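*Asks:*
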Amino acid sequence: MLEQVSAFVREHVQPSETVLDAGGEAGQAELARVRALAKSAGLWALPLPRDLGGGGLGLTEYFAWAEQEGSSDHGPAALGSACLLDVRMFRRFARPAVLELLKPLVAGEISGSYAMTEPGVAGSDPAAARTTAVRTSGGWLLNGRKWFTTGAGNASYVTVLASGSLFVTTDFRVVREIPVLGAAGQFEIALEDAFVPDDHLLGEGGDGLAIAGTRLALGRTLRCLRWIGMAERAFGLMCLRADERQVRGSALADRQLVQQHVFESLLAIRSARALTRQAAALVAAEQDARTEIGLAKVAAARTLHQVTDAAIQVFGAEGLAPGTLPMLARIGRAARILDGADEMHVSDTARRVLRTRAN
Numbered sequence: 001m002l003e004q005v006s007a008f009v010r011e012h013v014q015p016s017e018t019v020l021d022a023g024g025e026a027g028q029a030e031l032a033r034v035r036a037l038a039k040s041a042g043l044w045a046l047p048l049p050r051d052l053g054g055g056g057l058g059l060t061e062y063f064a065w066a067e068q069e070g071s072s073d074h075g076p077a078a079l080g081s082a083c084l085l086d087v088r089m090f091r092r093f094a095r096p097a098v099l100e101l102l103k104p105l106v107a108g109e110i111s112g113s114y115a116m117t118e119p120g121v122a123g124s125d126p127a128a129a130r131t132t133a134v135r136t137s138g139g140w141l142l143n144g145r146k147w148f149t150t151g152a153g154n155a156s157y158v159t160v161l162a163s164g165s166l167f168v169t170t171d172f173r174v175v176r177e178i179p180v181l182g183a184a185g186q187f188e189i190a191l192e193d194a195f196v197p198d199d200h201l202l203g204e205g206g207d208g209l210a211i212a213g214t215r216l217a218l219g220r221t222l223r224c225l226r227w228i229g230m231a232e233r234a235f236g237l238m239c240l241r242a243d244e245r246q247v248r249g250s251a252l253a254d255r256q257l258v259q260q261h262v263f264e265s266l267l268a269i270r271s272a273r274a275l276t277r278q279a280a281a282l283v284a285a286e287q288d289a290r291t292e293i294g295l296a297k298v299a300a301a302r303t304l305h306q307v308t309d310a311a312i313q314v315f316g317a318e319g320l321a322p323g324t325l326p327m328l329a330r331i332g333r334a335a336r337i338l339d340g341a342d343e344m345h346v347s348d349t350a351r352r353v354l355r356t357r358a359n
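Quick look at the structure:
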């Protein structure tokens, strides 16, 4: 299966990345085409529950090939696993009205978005969110703005953090798309007296941050695995370039400074992979993995940034031209902010370790 997933992403997803990054109608049409291929190949929604139409693989099995799937930023969406976090969250905390979304979600007939970050509020402090949820007859009224909500432009619903609770709503307005270093897919949305019925509250009132925490552990682990997959992709390109490029009668691979780039990149990838696999094992076993995830997140984000930068250096000016490496460089730079800025993970992890050592 690992080989099948790797080949599918390489042959069908990676060649479509430029169109998928641009978004819009062309991007949606291309995503639908690639998804149809994934379904016909028997690779659709492999880590999703069988009773919902998925492949039924457990987290341990999924973690084993999430790198290959994630070697393209569009791999999870193309293979139907991008909704894994919502499916697991809804099955654990949602009421029947929301559970009705699961089958069409797994089938790829609808999509959702997750809205926590807000304009003017530090993303590292979700408790400071200003979006409000006020009790009304039969439900709640939500008011506020969220941004960097992935895929909200085409989403059928959005899960929103408001007043310390999580709500699932279809009543939202897309304010604008926010290109991230030129790539589409992120949006700002407005909630304007958005009515959410009682049965669209996740868990109990005030449980939002705790529920979000359970989601983040898995989400960050998957991000790390995918970033390592992308770093491997950049590393492969760098090694190929070093072997093939001739300068003054010899290959770049013979130059010590290029060898230094190769060594440091390989060291970073293998170190980040070891840390991430340690975190993944704890997450799959539902154990406390906060320290391991903090280490893995920073290591994986730095690795993608470092290896892609080294690959661009080995390619020279050609590495700056439109193509794979600039795309990976964009993702690598964003990785140091996504899922919590590296500085937050460094501080939180260090404080946790110091408290443990003090006791």
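Numbering (full-length UniProt numbering), first residue to last: 1 to 359.
Just so it is clear, CB atoms sit at the ideal spot from N, CA and C, and this is done for glycine as well.
On a predicted model such as this, the values are computed, not experimentally measured, just so you know.
Whole angstroms are fine: how far does the CA of Arg270 sit from the CA of Leu282?
*Replies:* Counted from its first residue, the sequence shown places residue 282 at position 282. Counted from its first residue, the sequence shown places residue 270 at position 270. So the alpha carbons of these two residues sit roughly 19 Å apart.
*Asks:* Work out the CA separation of Gly56 and Arg145 for me, nearest whole Å.
*Replies:* For the purposes of this step, residue 145 is taken as the residue at position 145 of the sequence shown. For the purposes of this step, residue 56 is taken as the residue at position 56 of the sequence shown. Using only the alpha carbons, I get a separation of about 36 Å.
*Asks:* For the region 53-83, list the alpha helix (DSSP H) runs that are entirely contained and at least 4 residues long, ordered along the chain.
*Replies:* 59-69, 75-78, all fully within the region 53-83.
*Asks:* Kindly give me the distance between the Cβ atoms of Ala133 and Ser165, rounded to whole angstroms, as I take these residues to be in contact under 8 Å.
*Replies:* Looking up residue 133 in the sequence shown gives position 133. Looking up residue 165 in the sequence shown gives position 165. Right, the Cβ-Cβ distance comes to about 6 Å (below 8 Å), so this counts as a contact.
*Asks:* Counting only runs of 3+ residues fully inside the region 223-259, write out the beta strand (DSSP E) ranges in chain order.
*Replies:* Those beta strand (DSSP E) runs which fall completely within the region 223-259 and span 3+ residues do not exist here.
*Asks:* My understanding is that Ala184 touches Gly23, with C-beta atoms under 8 Å, so please give their C-beta distance in whole angstroms.
*Replies:* For the purposes of this step, residue 184 is taken as residue 184 along the sequence shown, with counting starting at 1. For the purposes of this step, residue 23 is taken as residue 23 along the sequence shown, with counting starting at 1. Right, their Cβ atoms sit about 3 Å apart.
*Asks:* Span of the alpha helix (DSSP H) holding Gln287?
*Replies:* In the sequence shown, residue 287 corresponds to position 287, counting from 1. First-last for Gln287: undefined, no H or E at that position.
*Asks:* Determine the extent of the alpha helix (DSSP H) in which Arg352 is found, giving its start and end residues.
*Replies:* Taking the first residue of the sequence shown as position 1, residue 352 is located at position 352. Here the alpha helix (DSSP H) through Arg352 covers 342-358.
*Asks:* Whole angstroms are fine: how far does the CA of Tyr157 sit from the CA of Ile110?
*Replies:* Looking up residue 110 in the sequence shown gives position 110. Looking up residue 157 in the sequence shown gives position 157. Rounded to the nearest angstrom, the two C-alpha atoms are 9 Å apart.
*Asks:* Have a look at Gln28 and Val34 and give me their C-alpha separation to the nearest angstrom.
*Replies:* The residue given as residue 28 occupies position 28 in the sequence shown. The residue given as residue 34 occupies position 34 in the sequence shown. For Gln28 and Val34, the distance between alpha carbons rounds to 10 Å.
*Asks:* Skipping 5 residues on each side, what residues in its chain have a beta carbon closer than 7 Å to that of Ser71?
*Replies:* For the purposes of this step, residue 71 is taken as the residue at position 71 of the sequence shown. Only Val9, Gly229, Met230, Glu232, Arg233 meet the Cβ criterion.
*Asks:* Roughly how many whole angstroms lie between the Cα atoms of Arg336 and Leu101?
*Replies:* By one-based count along the sequence shown, residue 336 stands at place 336. By one-based count along the sequence shown, residue 101 stands at place 101. Taking the straight line from one Cα to the other gives about 33 Å.
*Asks:* Decide if the region 198-211 is in contact with the region 79-97; the criterion is three or more beta carbon pairs, one per stretch, under 8 Å apart.
*Replies:* Touching, per the Cβ criterion.
*Asks:* Along the chain, where does the beta strand (DSSP E) containing Gln186 start, and where does it finish?
*Replies:* What you label residue 186 is simply residue 186 of the sequence shown in a count that begins at 1. 186-197 is the span of the beta strand (DSSP E), which, as asked, contains Gln186.
*Asks:* In terms of residue numbering, what span does the beta strand (DSSP E) encompassing Val168 cover?
*Replies:* Start at 1 with the first residue of the sequence shown, and residue 168 comes out as number 168. Looking at the DSSP string, the run of the beta strand (DSSP E) that includes Val168 is 165-169.
*Asks:* Have a look at Gly75, His345, Leu37, Leu79 and flag the residue whose alpha-carbon is nearest the alpha-carbon of Gly54.
*Replies:* Counting from 1 along the sequence shown, the entry for residue 54 is found at position 54. Per the Cα distances, Leu79.
*Asks:* How would you call Gln306, buried or exposed, if buried means at least 16 neighbouring beta carbons within 10 angstroms?
*Replies:* Walking along the sequence shown from the start, residue 306 turns up at place 306. Buried: at least 16 other Cβ atoms inside 10 Å.
*Asks:* Is Leu338 near the ligand MN, with its Cβ less than 7 Å from a heavy atom?
*Replies:* As for the ligand MN, it is missing from this structure, which has no ligand bound.
*Asks:* Nearest to Gly208 by CA position, among Gly151, Ala280, Thr170, Ala127, is which residue?
*Replies:* Along the sequence shown, read from residue 1 onward, the residue named residue 208 stands at position 208. The residue with the shortest Cα to Cα distance from Gly208 is Ala127.
*Asks:* With a threshold of 7 Å on Cβ separation, who are the neighbours of Ser113 within its own chain once the five nearest residues in sequence on each side are excluded?
*Replies:* Taking the first residue of the sequence shown as 1, we reach residue 113 at position 113. Taken in chain order, the residues that qualify are Thr149, Thr150, Gly151, Ala152, Ala155, Val158.
*Asks:* Starting from Arg145, follow the beta strand (DSSP E) in both directions and report where the run begins and ends.
*Replies:* For the purposes of this step, residue 145 is identified with residue 145 of the sequence shown, where counting begins at 1. Here the beta strand (DSSP E) through Arg145 covers 139-150.
*Asks:* Where does Leu325 sit, in a helix, a strand or coil, going by DSSP?
*Replies:* Here residue 325 is taken as the residue at index 325 of the sequence shown, counted from 1. In the structure shown, Leu325 sits in a helix (DSSP, three-state: H, G or I).
*Asks:* Can you tell me the Cβ-Cβ gap for Asp339 and Gly294, rounded? I've got them flagged as a contact below 8 Å.
*Replies:* If you number the sequence shown from 1, residue 339 lands on position 339. If you number the sequence shown from 1, residue 294 lands on position 294. The pair is not a contact, with the Cβ atoms about 11 Å apart (cut-off 8 Å).
*Asks:* Should Arg173 go down as buried or exposed, given a rule of 16 or more other Cβ atoms within 10 Å for buried?
*Replies:* In the sequence shown, residue 173 corresponds to position 173, counting from 1. Under this definition Arg173 is an exposed residue.
*Asks:* What's the gap between the Cα of Ala310 and the Cα of Cys224?
*Replies:* Locating residue 310 in the sequence shown gives position 310, counting from the first residue. Locating residue 224 in the sequence shown gives position 224, counting from the first residue. Using only the alpha carbons, I get a separation of about 19 Å.
*Asks:* Exposed or buried, what is Phe63 when buried is set at 16 or more other beta-carbons lying within 10 Å of its beta-carbon?
*Replies:* Locating residue 63 in the sequence shown gives position 63, counting from the first residue. When all chains shown are included, Phe63 counts as buried.
*Asks:* DSSP on Ala128, reduced to helix/strand/coil?
*Replies:* The count along the sequence shown starts at 1 and reaches residue 128 at position 128. In the structure shown, Ala128 sits in a helix (DSSP, three-state: H, G or I).
*Asks:* Confirm, please, whether the CB-CB distance from Val314 to Arg248 is below 8 Å.
*Replies:* In the sequence shown, counting from the first residue as 1, residue 248 sits at position 248. In the sequence shown, counting from the first residue as 1, residue 314 sits at position 314. For Arg248 and Val314, no; Cβs fall outside 8 Å.
*Asks:* Does the Cβ-Cβ distance between Leu142 and Trp65 come in under 8 Å?
*Replies:* Taking the first residue of the sequence shown as position 1, residue 142 is located at position 142. Taking the first residue of the sequence shown as position 1, residue 65 is located at position 65. Cβ distance not < 8 Å, so Leu142 and Trp65 don't count as in contact.
*Asks:* Keeping to the same chain, check which residues put their C-beta closer than 8 Å to that of Asp51; ignore five residues upstream and five downstream.
*Replies:* The residue labelled residue 51 in the question sits at position 51 within the sequence shown. Correct list: empty, nothing qualifies.
*Asks:* Would a C-beta distance cut-off of 8 Å place Ala212 and Met344 closer than the cut-off?
*Replies:* The count along the sequence shown starts at 1 and reaches residue 212 at position 212. The count along the sequence shown starts at 1 and reaches residue 344 at position 344. Not a contact, by the Cβ cut-off of 8 Å.
*Asks:* Assign residue 360 to one of three DSSP states: helix, strand, or coil.
*Replies:* Because the chain here runs from 1 to 359, residue 360 falls outside it and cannot be looked at.
*Asks:* Sorted by chain position, which residues of the same chain lie with C-beta nearer than 8 Å to Ala217's C-beta, five sequence neighbours on each side aside?
*Replies:* For the purposes of this step, residue 217 is identified with residue 217 of the sequence shown, where counting begins at 1. Cβ neighbours of Ala217 beyond the five flanking positions: Val283, Ala289, Arg290, Ile293.
*Asks:* Assuming Ser6 is part of the alpha helix (DSSP H), what are its boundary residues?
*Replies:* By one-based count along the sequence shown, residue 6 stands at place 6. 2-8 is the extent of the alpha helix (DSSP H) around Ser6.
*Asks:* Would you please verify whether the beta carbon of Thr214 is less than 8 Å from any beta carbon of chain B?
*Replies:* Of the protein chains in the structure, only one exists, and it is not chain B.
*Asks:* If you draw a straight line from the alpha carbon of Gly323 to that of Gly236, how long is it in whole angstroms?
*Replies:* As a working note, residue 323 is residue 323 in the sequence shown. As a working note, residue 236 is residue 236 in the sequence shown. Answer to the nearest angstrom: the Cα atoms are 15 Å apart.
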